[in-house]
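Read top to bottom, the protein sequences are chains A and B. Its first residue numbered 2, the first sequence is counted upward by one per residue in the numbering used here. Its first residue numbered 681, the second sequence is counted upward by one per residue in the numbering used here. Below: the structure, in structure tokens.
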Amino acid sequence: MFPNNSRNDSAPSCEDCTTRATSMFCNVELPQLQKLSSEKTSSFYKKGQTIFYEDRQPHGVYCIHSGKVKIHKYGENGQEQIVRFARPGSIIGYRALLNGDKYSASATALENTLACYFPKQTFIELLKSNHDFSLLTIRQLAADLRTAEHMLTSMAHKFVDERMAEGLILLKECYGFEAESSTINAVLSRRELASLTGTTTETAIRVIAEFKEKNLIRINGKRIELLDIEKLYKIANMQAS
Amino acid sequence: MATPLLNCSNENKTIKVVFRNQSKCKNCRLKRRTIFSGLNTTLFDKPGVKQLSCFERNSVILQSGNTQPHLYCIREGWCRIVYGDVKEKPSTLWFAGPGDLLGLSSIYSGGKNSFSVIAVGHVTACRISAPDFQQLLPKVNGLSLRVAKQLSIEIERLEKRTTALHRRFIQKETAKNILHIFKKSDIALGKKISLLSLARKINVGKNEIKVSLTAFMLDKLIRQEEGKITITDKERLLLVAMNEDEWN
């Protein structure tokens, strides 16, 4: 599938972008923003469409303007593992550029997504010339590293219900709640929840049913409402942020 | 090698020895193996910025859960980066050796160390204070990019380990299911197992089951003849499955 560029949903210029405030480009000054705008292209991705594939050579980075994206990889056996989520303002695919390596994971739209693409040279030049931007990039990498560390310890040490609680909290922290409710503002299939928690769909369904029975969550189709967040934090052995 | 001792303390089971004669970064034979390779690092040679420390075998260089105000650039020896309780039997994530920088991620995420670092043998390292490092970062041309690259490599390494753990998970699910199928029958008698139904039960592809079964056969846990599976080492297969039980 190829991104659809013909739609009217083209992203605004970087100078006028409302999501810029939440992205790594937040401190970039006007002349550099104008340069970024002139060199970027924006693409629309339908739900389920892949933005980039694991093991492909990167030629640039993507900044999510709207929509939600999962970063996932496949093990040698083809088992999917969700490693991270991206939201509006997130920049994805930059690690492979920094490494000079291939993409270590794929990025797939969880819902209709509009993303801007910046060529490699543009990104590297900005990193070299703008200290604030490079510092934010380093901080973002450190945060990503922490997420990876959490994921690893969680996969190795936590029981499946702990991992599921942690997964739900991660979703809530990344995408927040829908307006005036405690329903997670993201729609994930049971299979994706299983990929997030590193278990089988069967087990994921069982644990979700257990959480439902204990009145920790309420299910409405693919939407999940968190009824007792404190208890979920407790189950996940995490501290409420 | 610097010799005269200035200070020798025993804190937290970590023996730190500070040397009077600091070797300069620009003369360091390891520089080309570090993230400082090719960069002008004269600022790091200013007095007070770095300090040479040494650690004895099995001493804890960085402790998980602690906030840490400095980085270590290893000069000699090897360390284990581990998770889990250092007093118990922690799992090794990877090894760090001469030229590697320790503690980079925690100073930028403002958090505590997620992992501990244990000296495998005698280790000497240059201790750089975190505030100094952060201050010098914009002043050393190209260093930010190197730090970013270093962090990317560390993430990559961790994600690979996560994928490996996940792969193990599928093997354990397969072992569990095979044992369940043989629950009430003689393991010496071959049984036909539908790969498709097994794959559906575990919610993986048929190929993933094939890969797991091949691994079991290579490990001599099972034997496959004429489409029938026979368990050849039940105890070890049970161990594989039990390990998974610990997870769940």
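Glycine included, every Cβ here is placed at the ideal spot set by N, Cα and C. Note that this is a predicted model, so its numbers are computed, not measured.
- Query: If we count the other Cβ atoms within 10 Å of its Cβ and call it buried at 16 or more, is D866 (chain B) buried or exposed?
  - Reply: Here residue 866 (chain B) refers to the residue found at position 186 when the second sequence is read from its first residue. Exposed: under 16 other Cβ atoms inside 10 Å.
- Examine chain B for any beta-carbon lying closer than 8 Å to the beta-carbon of R147 (chain A), and answer yes or no. As a working mapping, residue 147 (chain A) is identified with position 146 in the first sequence. Closer than 8 Å: yes.
- Option nearest F212 (chain A) by Cα separation, candidates A:E163, A:E181, A:G222, A:K47: Counted from its first residue, the first sequence places residue 212 (chain A) at position 211. Closest by alpha carbon: A:E163.
- Output the boundary residues of the alpha helix (DSSP H) element that contains K36 (chain A). On the first sequence, residue 36 (chain A) is found 35 positions in, with the first residue counted as 1. From DSSP, the alpha helix (DSSP H) with K36 (chain A) extends over 31–40.
- Query: Under a three-way DSSP split, which group does K792 (chain B) fall into?
  - Reply: On the second sequence, residue 792 (chain B) is found 112 positions in, with the first residue counted as 1. In the structure shown, K792 (chain B) sits in coil (DSSP, three-state: anything other than H, G, I, E or B).
- Task: Since I believe Q815 (chain B) is in contact with S786 (chain B) (beta carbons under 8 Å), could you give me their beta-carbon distance rounded to a whole number of angstroms?
- Result: Sequence index remark: in the second sequence, residue 786 (chain B) carries index 106 (1-based). Sequence index remark: in the second sequence, residue 815 (chain B) carries index 135 (1-based). With 8 Å as the limit, S786 (chain B) and Q815 (chain B) do not qualify as a contact, their Cβ atoms being about 17 Å apart.
- Message: Could you give the first and the last residue of the continuous alpha helix (DSSP H) run that contains Y161 (chain A)?
- Response: Reading the first sequence from its first residue, position 160 is the one you call residue 161 (chain A). Reading the sequence as shown, one finds Val at residue 161 (chain A) and not Tyr. 161–176 is the span of the alpha helix (DSSP H), which, as asked, contains V161 (chain A).
- Message: Using beta carbons (cut-off 8 Å, strictly below), is S874 (chain B) in contact with chain A?
- Response: Against the second sequence, residue 874 (chain B) aligns to sequence position 194. No, S874 (chain B) lies away from the interface with chain A (no Cβ there is under 8 Å from its Cβ).
- From the DSSP output, which residues share a beta bridge with E226 (chain A)? Within the first sequence, the letter at position 225 stands for residue 226 (chain A). Per DSSP, A:T184, A:R219.
- Message: Is there a C-beta anywhere in chain B that falls below 8 Å from the one on H61 (chain A)?
- Response: Within the first sequence, numbered from 1, the residue matching residue 61 (chain A) stands at position 60. Here residue 61 (chain A) is Gly; the residue named in the question, His, does not match the sequence. With 8 Å as the cut-off, G61 (chain A) does not count as an interface residue toward chain B.
- Task: State whether the segment 767–775 of chain B contacts the segment 725–743 of chain B, with contact taken as three or more CB pairs (one from each stretch) at a distance under 8 Å.
- Result: Proximity of the segment 767–775 of chain B to the segment 725–743 of chain B falls short of the contact definition, fewer than three beta-carbon pairs being nearer than 8 Å.
- Within 10 angstroms of its Cβ, does F813 (chain B) collect 16 or more other Cβ (buried), or is it exposed? Counted from its first residue, the second sequence places residue 813 (chain B) at position 133. So F813 (chain B) ends up on the buried side.
- With 8 Å as the threshold, decide whether the Cβ of K767 (chain B) is near any Cβ in chain A. Taking the first residue of the second sequence as 1, we reach residue 767 (chain B) at position 87. For K767 (chain B), the answer is no, since every Cβ of chain A falls outside 8 Å of its Cβ.
- Message: Quick check: the segment 132–141 of chain A against the segment 869–880 of chain B, are at least 3 beta-carbon pairs closer than 8 Å?
- Response: no
- Item | Inter-residue spacing [alpha-carbon to alpha-carbon] between N720 (chain B) and K704 (chain B) | Translated into the one-based positions of the second sequence, residue 720 (chain B) becomes position 40. Translated into the one-based positions of the second sequence, residue 704 (chain B) becomes position 24. Cα to Cα, N720 (chain B) sits roughly 12 Å from K704 (chain B).
- Query: Under 8 Å between C-beta atoms, does L99 (chain A) make it to chain B?
  - Reply: Locating residue 99 (chain A) in the first sequence gives position 98, where the first residue counts as 1. For L99 (chain A), the answer is yes, since a Cβ of chain B falls inside 8 Å of its Cβ.
- Item | Chain-ordered chain A contacts of I861 (chain B) [CB-CB under 9 Å] | Translated into the one-based positions of the second sequence, residue 861 (chain B) becomes position 181. None at all; the shortest Cβ gap to chain A is about 16 Å.
- Beta-carbon neighbours of K829 (chain B), restricted to chain A and to distances below 7 Å: On the second sequence, position 149 is the one that residue 829 (chain B) refers to. Under the 7 Å cutoff, chain A gives L99, N100.
- Query: Which residue comes first and which comes last in the alpha helix (DSSP H) that contains P727 (chain B)?
  - Reply: Taking the first residue of the second sequence as position 1, residue 727 (chain B) is located at position 47. Premise fails: P727 (chain B) is in no alpha helix (DSSP H) and is neither H nor E.
- Item | Reference V920 (chain B); option with closest CA among B:E853, B:M897, B:V740, B:S809 | Indexing the second sequence from 1 puts residue 920 (chain B) at position 240. Measuring from the Cα of V920 (chain B), the nearest candidate turns out to be B:E853.
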